[in-house]
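Structure first, then comments.
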Amino acid sequence: MDLAELKVRLGIPAEDTSQDAKLQIDLEDGISYAMAYCNNLFVGPDNTVSLPPAVKKGIALLIKIDRESPSGVLSESIGGMSRSYAADEERLNPVHELFRPYRKIRFRALR
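Start counting the sequence shown at 27; every next residue gets the next number (the working numbering).
Dropping the structure here:
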């Protein structure tokens with residue numbers, strides 16, 4: 027997955043380069059998060075990273091969630107000054123659902 031594909035998935039025009047540096051960092055962080063969460067390096071037969079489409083969609087969704095609600099605010103009402111916060115686990119449930127089929131289990135010996 028590259029920056030151009032991420033921009034398409036997020037609906038950002040290709041000619042808009044104002045956010046490219048931030049998006050590139052977010053993309054690298056998202057790929058790293060997916061690999062760590064799934065315990066899977068997604069290395070193809072040619073020894074390059076090959077992400078399945080669902081994982082790419084999950085990474086784009088992760089970046090979208092992070093950009094739209096950075097502090098975990100679920101709802102906000104200005105008049106009565108009320109805020110509701112969500113735990114990261116709740117916010118990222120749709121992302122984890124996309125990653126779940128690619129998650130690998132690791133067994134460790136007890137000694």
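Each residue gets a CB set at the ideal place from its N, CA and C atoms; glycine is no exception. Quick caveat, the model's predicted, so the values are computed rather than measured.
Under a 10 Å Cβ-count criterion, Lys130 is classified as exposed, with fewer than 16 other Cβ atoms of the shown protein chains found around its own Cβ. With fewer than 16 neighbouring CB atoms inside 10 Å of its own CB, Asp72 falls in the exposed class. Bridge partners of Val69 according to DSSP: Val75. DSSP places Ser103 within a strand segment (E or B) once states are collapsed to three. By the C-beta criterion, the segment 80 to 92 is judged to be in contact with the segment 46 to 65, since at least 3 inter-stretch pairs fall below 8 Å. For Ser108, the beta-bridge partners assigned by DSSP are Ser103. Following the DSSP letters along the chain, one finds Met61 inside the alpha helix (DSSP H) bounded by residues 46 to 64.
Within the same chain, Cβ atoms closer than 7 Å to the Cβ of Phe125 are found at Ala60, Tyr63, Cys64, Val81, Gly84, the five residues on either side in sequence being excluded. Inter-residue distance for Arg117 and Met107 is about 22 Å (C-alpha atoms, whole angstroms).
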